[in-house]
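Novice:
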Amino acid sequence: MNRFICIIVLSVLLFPQIVLSQQDDLEKKIEYKSNELGKIRDEIKKYKKELNQAASREKSSLEKLQETEKNLSLTLKLLNQLNREQMHKEYEIQRTGKSIDQLENDLKLLKGSFSQRLVNLYKQGDMSEWEYLLTSKSLNQAIYRYKYFRIISDIDRRNSREIRYTIDKVKEKKKALVLEVQDQEKIIAEKKNFQRSLAEQKQSRAQSLSVARKNKQNISKTIRQKEKAAQELSRLIASLEKEQKNRSKELERQRALSGLKTDNPFQQSQGVLGWPVQGEIISRFGMQKHPILKTVTENSGIDIKAKQGTPIKTILDGVVTTITYIRGFGNTIIIDHGSGFYSVYSHIENVSVYENQYIAKDTVIASVGDSGTLSGSMLHFEIWKNRTKLDPEKWLGNR
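Those letters in the sequence shown? Residues 944 to 1342, per my numbering, in order.
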């Protein structure tokens, strides 16, 4: 009997704490996701403000194209995040629904137990506890009855408190469910708006691209922009080093969970890394002469010609640090592979990953596109060791 009472007391004491702990963890996840969405919205607002400020200035066809491309990139980024938010919200709704079912089942059991207790009291008649004690045949029986009544009384009080607590939790969860469904409806409505905007932007980009390609001067402009893009990329990677320690810990943890090497696997993979995409190399690493303009420029990576829409795979597992648009490179993804190694994928479209996501080797992260270039669909690919550019062909394996 005493053991049974202890179990009930522990259950009553621990149940609310477990529920609250799980709720706190969930709220942290929701807050994180909402922050990510807020950052992208702020980025879009900032860019629109820049466009409005420059609205009065006459722009070249290339500038108009790049503005459209960046706007398109930000819209896609927001839509990807909204998809994540929607999936997470669906999970929350399912989880809250299950929680309500469980609580209502618990409440049913508690009420049943309490009702049975009332029936038993009724069957006992009007005799009070004191009358039971006074009619005891011995002192030992009186002591036993006294302890029994105290235990039963404690159980009644705890059951009563737990019933009230469970009723309150059911009400709270049902309110939360209503809010979650409303949030989901808002996300779906926002997605529809941006999907319409996306279709318009794609049409606008196709028109701008057609105009920009007719002007040969734009080709030389994109080459100069590519040199500036390399400098911007260098600054981006330098800024990423500040958070490298935290990402390294996450990488080690994920690799340990997957049974992979945690000790500098990138360095050990030199010459055997898989290719990010199959295709012809049209521009190699280092100083290269442009086939049309005959000008010599430095290529900070390699350019691989491939059909638009061809899947792009990551060369090794890592953490996605950056998804952005860079003039000259177009849509760009940067992945941190640990130990100071980064891989860069540019001129891409259909991005299927998100920032701060851990991804396994050979994960499809995007597809080949033509953003940021007038030379058709291709992948611009780079490998960095801290702030030093490396020749990708020396790291990739034979095809």
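Note that CB positions come from ideal geometry on N, CA and C, so glycine has one too.
Suppose you measure from the CA of K1192 to the CA of K1090; what does that come to, to the nearest Å?
Specialist: For the purposes of this step, residue 1192 is taken as residue 249 along the sequence shown, with counting starting at 1. For the purposes of this step, residue 1090 is taken as residue 147 along the sequence shown, with counting starting at 1. Cα-Cα distance, rounded: 56 Å.
Novice: Between E1047, Q1160 and Q1029, which lies nearest to K1129 when the distance is taken from Cα to Cα?
Specialist: Along the sequence shown, read from residue 1 onward, the residue named residue 1129 stands at position 186. Minimum Cα-Cα distance from K1129 among the listed residues E1047, Q1160 and Q1029 corresponds to Q1029.
Novice: Run through DSSP, which three-state label would I1166 get?
Specialist: As a working note, residue 1166 is residue 223 in the sequence shown. Correct three-state label for I1166: helix.
Novice: Could you say which of G1315, R1190, K1332 and Q1221 lies nearest to I1342 if we only look at CA atoms?
Specialist: Within the sequence shown, the letter at position 399 stands for residue 1342. Sequence inspection shows Arg at residue 1342; the Ile mentioned does not correspond to that position. Nearest C-alpha to R1342: Q1221.
Novice: Is it true that the region 1249-1261 meets the region 1300-1317, where meeting means three or more beta-carbon pairs spaced less than 8 Å apart?
Specialist: Contact between the region 1249-1261 and the region 1300-1317 is present, because at least three Cβ pairs lie under 8 Å.
Novice: In whole angstroms, what separates the C-alpha of E1033 from that of Q1127?
Specialist: To locate residue 1033, count along the sequence shown from 1; it is residue 90. To locate residue 1127, count along the sequence shown from 1; it is residue 184. C-alpha separation (whole angstroms): 8 Å.
Novice: Between the region 1042-1055 and the region 1106-1117, are three or more C-beta pairs nearer than 8 Å?
Specialist: Yes: at least three Cβ pairs fall under 8 Å.
Novice: By how many angstroms is the C-alpha of I1110 removed from the C-alpha of Q966?
Specialist: Taking the first residue of the sequence shown as position 1, residue 966 is located at position 23. Taking the first residue of the sequence shown as position 1, residue 1110 is located at position 167. Note that Q966 scores 42 on pLDDT, short of 50, meaning its location in the model is unreliable and no value can be drawn from it.
Novice: Are the beta-carbon atoms of G1283 and K1328 separated by less than 8 Å?
Specialist: Counted from its first residue, the sequence shown places residue 1283 at position 340. Counted from its first residue, the sequence shown places residue 1328 at position 385. Yes, Cβ-Cβ distance for G1283 and K1328 is below 8 Å.
Novice: Taking DSSP's pairing of strands, which residues face H1323 in a bridge?
Specialist: In the sequence shown, the residue the question calls residue 1323 occupies position 380. H1323 pairs with D1246 and S1289.
Novice: Let me confirm a value: D1206 is counted as buried when at least 16 other C-beta atoms fall within 10 Å, else exposed. Which label applies?
Specialist: Here residue 1206 is taken as the residue at index 263 of the sequence shown, counted from 1. With fewer than 16 other Cβ atoms within 10 Å, it is exposed.
Novice: Based on Cα-Cα distance, which residue from L1025, A1142 and N995 lies nearest to G981?
Specialist: Along the sequence shown, read from residue 1 onward, the residue named residue 981 stands at position 38. Out of L1025, A1142 and N995, L1025 has the C-alpha closest to the C-alpha of G981.
Novice: Under the rule that 16 or more other beta-carbon atoms within 10 Å means buried, what is L1021, buried or exposed?
Specialist: Locating residue 1021 in the sequence shown gives position 78, where the first residue counts as 1. With 16 or more other Cβ atoms within 10 Å, it is buried.
Novice: Where do the N-terminal and C-terminal ends of the beta strand (DSSP E) with S1310 fall, by residue?
Specialist: Here residue 1310 corresponds to residue number 367 of the sequence shown, with the count starting at 1. It spans V1307 to V1311 - the beta strand (DSSP E) in which S1310 sits, taken as one unbroken run.
Novice: Given a cut-off of 8 Å, decide if G1340 and V1366 are closer than it, judged by their beta-carbon atoms.
Specialist: Beyond the ends of the chain as shown, which are 944 and 1342, falls residue 1366; an answer cannot be given.
Novice: In this structure, does DSSP put D1206 in helix, strand or coil?
Specialist: Along the sequence shown, read from residue 1 onward, the residue named residue 1206 stands at position 263. Correct three-state label for D1206: coil.
Novice: For T1396, is the classification buried or exposed, using 16 other Cβ atoms within 10 angstroms of its Cβ as the cut-off for buried?
Specialist: In the structure as shown, the chain starts at 944 and stops at 1342, and residue 1396 therefore has no counterpart that could be examined.
Novice: Looking at A1149 and the ligand GTP, is the gap between the Cβ and the nearest heavy atom below 7 Å?
Specialist: Because no ligand of any kind appears in the structure shown, any question about the ligand GTP cannot be addressed here.
Novice: Kindly indicate which three-state DSSP category K972 falls into: helix, strand or coil?
Specialist: Here residue 972 corresponds to residue number 29 of the sequence shown, with the count starting at 1. Low confidence applies here, because K972 scores a pLDDT of 44, under 50, leaving its location unreliable and the question unanswered by this model.
Novice: Which residues in the same chain as N1189 place their Cβ atom closer than 7 Å to its Cβ, once the five residues preceding and following it in sequence are excluded?
Specialist: On the sequence shown, position 246 is the one that residue 1189 refers to. Counting only Cβ-Cβ distances below 7 Å, and skipping sequence neighbours, we find nothing.
Novice: Over what stretch of residues does the alpha helix (DSSP H) that includes S1201 continue unbroken?
Specialist: Numbered from its first residue, the sequence shown carries residue 1201 at position 258. Note, S1201: alpha helix (DSSP H), Q1187 to S1201.
Novice: Could you give the C-beta distance for I1291 and V1311, rounded to a whole number, given that I count them as a contact under 8 Å?
Specialist: Residue mapping note: residue 1291 aligns to position 348 of the sequence shown, counting from 1. Residue mapping note: residue 1311 aligns to position 368 of the sequence shown, counting from 1. Sure, about 7 Å apart at Cβ, within 8 Å.
Novice: Using DSSP with H/G/I as helix, E/B as strand and the rest coil, what is K1129?
Specialist: Position 186 of the sequence shown holds residue 1129. Of the three classes helix, strand and coil, the one that applies to K1129 here is helix, per DSSP.
Novice: Quick check: the Cα distance between G1217 and Q1210, rounded to an integer number of angstroms?
Specialist: Residue 1217 sits at position 274 when you count from the first residue of the sequence shown. Residue 1210 sits at position 267 when you count from the first residue of the sequence shown. The alpha-carbon atoms of G1217 and Q1210 are separated by roughly 14 Å.
Novice: Whose C-beta lies closer than 7 Å to the C-beta of K991 among residues of the same chain, with five residues either side of it excluded?
Specialist: The residue you call residue 991 lines up with position 48 of the sequence shown. The answer is none, since no qualifying residue turns up.
Novice: Are T1011 and R1148 touching if we call contact CB-CB under 8 Å?
Specialist: Position 68 of the sequence shown, counting from 1, holds the residue named residue 1011. Position 205 of the sequence shown, counting from 1, holds the residue named residue 1148. Between T1011 and R1148, the CB-CB gap stays under 8 Å.
Novice: Tell me the rounded alpha-carbon separation between Q1197 and S1295.
Specialist: Position 254 of the sequence shown, counted from the first residue, corresponds to residue 1197. Position 352 of the sequence shown, counted from the first residue, corresponds to residue 1295. C-alpha separation (whole angstroms): 20 Å.
Novice: Using DSSP with H/G/I as helix, E/B as strand and the rest coil, what is V1124?
Specialist: On the sequence shown, position 181 is the one that residue 1124 refers to. Here V1124 sits in helix by DSSP.
Novice: T1257 and I1308 - do their beta-carbons sit closer together than 8 Å?
Specialist: As a working mapping, residue 1308 is identified with position 365 in the sequence shown. As a working mapping, residue 1257 is identified with position 314 in the sequence shown. Taking 8 Å as the Cβ cut-off, I1308 and T1257 qualify as a contacting pair.
Novice: Between the C-alpha atoms of K1007 and D1313, what's the straight-line distance to the nearest angstrom?
Specialist: Mapped onto the sequence shown, residue 1007 falls at position 64. Mapped onto the sequence shown, residue 1313 falls at position 370. Their Cα atoms are separated by approximately 16 Å.
Novice: Considering only C-alpha positions, which residue in the set S1016, L1017 and K1117 is nearest to L1046?
Specialist: Taking the first residue of the sequence shown as 1, we reach residue 1046 at position 103. It is K1117.
Novice: Which same chain residues end up closer than 8 Å to E1123 when comparing Cβ atoms and leaving out the 5 residues on each side of it in sequence?
Specialist: Within the sequence shown, numbered from 1, the residue matching residue 1123 stands at position 180. Hits under 8 Å: K1032, E1035, I1036 and T1039.
Novice: Is the Cβ-Cβ distance between K1134 and L1015 less than 8 Å?
Specialist: In the sequence shown, residue 1134 corresponds to position 191, counting from 1. In the sequence shown, residue 1015 corresponds to position 72, counting from 1. No, these two residues do not count as a Cβ contact at 8 Å.
Novice: Give me the Cα-Cα distance between Q1187 and E1195, rounded to the nearest whole angstrom.
Specialist: By one-based count along the sequence shown, residue 1187 stands at place 244. By one-based count along the sequence shown, residue 1195 stands at place 252. Straight-line Cα distance between these residues: approximately 12 Å.
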